[in-house]
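Q: Position one of the sequence shown corresponds to residue 1 (our numbering), numbered consecutively onward.
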Amino acid sequence: MKLFQKRPELVVDLPSVDGYELYGPDGLEEWLKQLKVPYTRVKMTKTRGGYPSFNQIEEALHKLNRKYPLITSLFSIGQSEQGRELWVMKISDNVRQDEQEPEFKYVANMHGNEIVGRDLMLLFIQDLLENYGTDSSITRLINSTEIFIMPSMNPDGSEMMQRGNASWSDLNRSFPDFTTNDNHNTATGRPAEVQAMMKFQAERRFSLSANFHGGAVVVNYPWDTSAIEHSQEELVKNLSLAYANLNPVMSGSSRFKNGIIRGNEWYEINGGMQDWSYYWHQDLQVTVELSYEKWPLYSELNGFYQDNRESFLAYLKMIHQGVNLQFKKEISGSVVIYKVEDGQSKFVKKENFSGGEYHKVLPPGEYQISVTSGDDVWSDTIMVTRE
């Protein structure tokens, strides 16, 4: 496997005791034969099996937007290589305003043949909207959060029922990576879908996200690209457990302890979205594998939704576990955070902020916060409780 990982034109996916998937350009099969590497050619699904087309997903999103205009805003962050819109649904109580609230993001279907996440996100959007005003927990979430949901980052791939985009680029190997030579946070030369996501992320202030895949059932947390522990290892593990604990299939996994794993302990990924998201934008992101089959029977979809519904909500709620600061919109400056343990202050993070708001997900505990804006300095002690 290490031989293949060193070749940028090849993609290794989902290694296990039984083997792994290998994707590559034309001629891959002949090359494997020359190397005398044993393999089994996996036949790709040729029929949609009842799954909606891109046009049907698009129309469903528009219908929900028309039905719930006061709490939804549907917009495109760009176009795929074949010109399909990359739709995002924003859900919030004052949806036309850019409120000083924590911003949360779910992204699905960046691998086109991993279809379950796309359709579950459509169901989740519908669930949130239908229960607003009647379910107190969902109502509080929508009233206090700016929620952004992208059902498909790779609509060309899902239409063609293939992993990559229309040019066969693997979107989850195409982001800047701090451990490789591709370590500049610039969009030039990247797939259209990746460029659109990079621009979208730069324009927002996301502090918590997740992206959805298929082929296993597990929450994969940073880092993927490096064997070192994440600086917020305790936090990212607890975020992952907040999701996995409520999914009976995931939490009961015989392969992944408690249904979670640090990505690099499973297998190395360079150019992945979750690592890029935190390293360059301080947006904590995990990767959730939803189903053992990448394109399962459509009749199984409701079962997948029931397995994941409470996890979707629990993970979303975690965005409120931390520090949320609001000032006048013209205020900018820096925030320094210390965690107080046994009477000692331990440095956690120093970050800049703008737009009069700062949001950071943190582990439970006591924190000292110091805010500097120009010549003004403000300090306080806060308690972060478990969501």
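Glycine included, each C-beta is placed from N, C-alpha and C at the ideal position.
Consult DSSP for residue 267 and reduce its assignment to one of helix, strand or coil.
A: Position 267 of the sequence shown, counting from 1, holds the residue named residue 267. Residue state, collapsed to three classes: coil.
Q: With distances taken Cα to Cα, identify the nearest neighbour of residue 376 among 49, 385, 331.
A: For this step, residue 376 is matched to residue 376 along the sequence shown. Selected option, being the one with the closest Cα: 331.
Q: On a CA-only basis, which of 116, 378, 236 is nearest residue 215? Give me that one, please.
A: The residue given as residue 215 occupies position 215 in the sequence shown. Nearest of 116, 378, 236 to residue 215, Cα basis: 116.
Q: Counting C-beta neighbours from all protein chains within 10 Å, is the total for residue 38 16 or more, i.e. buried, or is it exposed?
A: Locating residue 38 in the sequence shown gives position 38, where the first residue counts as 1. Exposed: under 16 other Cβ atoms inside 10 Å.
Q: Enumerate, from N- to C-terminal direction, the unbroken beta strand (DSSP E) stretches of 3 or more residues contained entirely within the region 71-131.
A: 72-79, 85-91, 103-108
Q: Looking at the unbroken alpha helix (DSSP H) that takes in residue 244, where does it start and where does it end?
A: Along the sequence shown, read from residue 1 onward, the residue named residue 244 stands at position 244. Counting along the chain, the alpha helix (DSSP H) containing residue 244 begins and ends at 233-244.
Q: Evaluate residue 69 with the Cβ neighbour count: other Cβ atoms within 10 Å of its Cβ, from every protein chain shown; 16 or more gives buried, anything less gives exposed.
A: Here residue 69 corresponds to residue number 69 of the sequence shown, with the count starting at 1. Counting Cβ neighbours within 10 Å, residue 69 comes out exposed, since fewer than 16 surround it.
Q: Is there contact here, the region 158-170 with the region 122-129, by at least three beta-carbon pairs under 8 Å?
A: no
Q: For the region 250-259 against the region 146-156, are there 3 or more C-beta pairs whose distance is under 8 Å?
A: No, the region 250-259 is not in contact with the region 146-156.
Q: Specify the secondary structure class of residue 50 as computed by DSSP and reduced to three states.
A: By one-based count along the sequence shown, residue 50 stands at place 50. Three-state result, residue 50: coil.
Q: To which residues of the same chain is residue 150 closer than 6 Å at the C-beta, ignoring the five residues directly before and after it?
A: One-based indexing of the sequence shown puts residue 150 at position 150. So the list reads 88, 107, once near-sequence residues are dropped.
Q: Shortest alpha-carbon distance to residue 95 belongs to which of 110, 317, 73, 109?
A: Taking the first residue of the sequence shown as position 1, residue 95 is located at position 95. Here the closest residue by C-alpha is 73.
Q: Out of 182, 196, 57, 66, which one is the CA nearest neighbour of residue 79?
A: Your numbering for residue 79 matches position 79 in the sequence shown. Measuring from the Cα of residue 79, the nearest candidate turns out to be 196.
Q: Going straight from the alpha carbon of residue 471 to that of residue 82, what length do you get?
A: Given a span of 1 to 387 for the chain in the structure shown, any question on residue 471 remains unanswerable.
Q: Are the region 205-212 and the region 286-298 in contact at 8 Å, needing three or more beta carbon pairs?
A: Output reads yes: the region 286-298 touches the region 205-212.
Q: Report the rounded CA-to-CA distance for residue 239 versus residue 382, giving the unit in angstroms.
A: What you label residue 239 is simply residue 239 of the sequence shown in a count that begins at 1. What you label residue 382 is simply residue 382 of the sequence shown in a count that begins at 1. Their Cα atoms are separated by approximately 20 Å.
Q: Is the beta carbon of residue 384 sitting closer than 8 Å to the one on residue 323?
A: As a position in the sequence shown, residue 384 is number 384, starting the count at 1. As a position in the sequence shown, residue 323 is number 323, starting the count at 1. Going by C-beta atoms, residue 384 is nearer than 8 Å to residue 323.
Q: Indicate whether residue 101 and residue 145 have their beta-carbon atoms separated by less than 8 Å.
A: For the purposes of this step, residue 101 is taken as residue 101 along the sequence shown, with counting starting at 1. For the purposes of this step, residue 145 is taken as residue 145 along the sequence shown, with counting starting at 1. With respect to residue 145, residue 101 sits close: the two C-beta atoms are nearer than 8 Å.
Q: CB-CB under 6 Å to residue 307, same chain, minus the five flanking residues each way: which ones, in chain order?
A: Counting from one through the sequence shown, the residue named residue 307 turns up at place 307. Counting only Cβ-Cβ distances below 6 Å, and skipping sequence neighbours, we find 247, 249.
Q: Spell out the partners DSSP gives residue 149 in its beta bridges.
A: By one-based count along the sequence shown, residue 149 stands at place 149. Beta-bridge pairing links residue 149 to 89, 106.
Q: Just to confirm the assignment, what range does the alpha helix (DSSP H) spanning residue 274 have?
A: Numbered from its first residue, the sequence shown carries residue 274 at position 274. Residues 273-281.
Q: Roughly how far, in whole angstroms, is the beta-carbon of residue 270 from the beta-carbon of residue 177, given that I think they are within contact range, below 8 Å?
A: In the sequence shown, counting from the first residue as 1, residue 270 sits at position 270. In the sequence shown, counting from the first residue as 1, residue 177 sits at position 177. Yes, they are in contact, since the Cβ atoms of residue 270 and residue 177 sit about 5 Å apart, within 8 Å.
Q: By Cβ distance below 7 Å, which residues in the same chain neighbour residue 241 in space, the five residues on each side in sequence not counted?
A: In the sequence shown, the residue the question calls residue 241 occupies position 241. Cβ within range, chain order: 258, 260.
Q: According to DSSP, which residues form a beta bridge with residue 211?
A: Counting from one through the sequence shown, the residue named residue 211 turns up at place 211. Bridge partners of residue 211: 107, 287.
Q: Take the Cβ of residue 276 as the centre, count every other Cβ of all protein chains shown within 10 Å, and call the residue buried at 16 or more, exposed below.
A: Counted from its first residue, the sequence shown places residue 276 at position 276. Buried is the call here.
Q: On the three-state DSSP scale, how would you describe residue 139?
A: Here residue 139 refers to the residue found at position 139 of the sequence shown. Here residue 139 sits in helix by DSSP.
Q: Alpha carbon to alpha carbon, how far is residue 378 from residue 56? Give it in angstroms, no decimals.
A: Numbered from 1 along the sequence shown, position 56 holds the residue referred to as residue 56. Numbered from 1 along the sequence shown, position 378 holds the residue referred to as residue 378. So the alpha carbons of these two residues sit roughly 51 Å apart.
Q: Out of 352, 326, 293, which has the shortest C-alpha to C-alpha gap to residue 280?
A: Reading the sequence shown from its first residue, position 280 is the one you call residue 280. Minimum Cα distance to residue 280 is reached at 352.
Q: Based on DSSP bridge pairs, tell me the residues matched to residue 161.
A: For this step, residue 161 is matched to residue 161 along the sequence shown. In the DSSP output, where bridge partners are listed per residue, residue 161 has none listed.
Q: Bridge partners for residue 372 per DSSP, in chain order?
A: For the purposes of this step, residue 372 is identified with residue 372 of the sequence shown, where counting begins at 1. Per DSSP, 334, 377.
Q: Who are residue 326's beta bridge partners in DSSP?
A: Here residue 326 refers to the residue found at position 326 when the sequence shown is read from its first residue. Paired residues: 357.
Q: Looking at the secondary structure, which residues open and close the beta strand (DSSP E) in which residue 220 lies?
A: As a position in the sequence shown, residue 220 is number 220, starting the count at 1. Residue 220 -> beta strand (DSSP E) spans 218-221.
Q: Since I believe residue 113 is in contact with residue 295 (beta carbons under 8 Å), could you give me their beta-carbon distance rounded to a whole number of angstroms?
A: Mapped onto the sequence shown, residue 295 falls at position 295. Mapped onto the sequence shown, residue 113 falls at position 113. That belief holds up - the Cβ atoms of residue 295 and residue 113 are roughly 6 Å apart, short of 8 Å.
Q: Mind checking residue 347: buried by the 16 CB within 10 Å criterion, or exposed?
A: If you number the sequence shown from 1, residue 347 lands on position 347. Its Cβ having fewer than 16 others within 10 Å, residue 347 is exposed.
Q: May I have the straight-line CA-CA distance separating residue 340 from residue 229, to the nearest angstrom?
A: The residue you call residue 340 lines up with position 340 of the sequence shown. The residue you call residue 229 lines up with position 229 of the sequence shown. Their backbone Cα atoms lie some 22 Å apart in a straight line.
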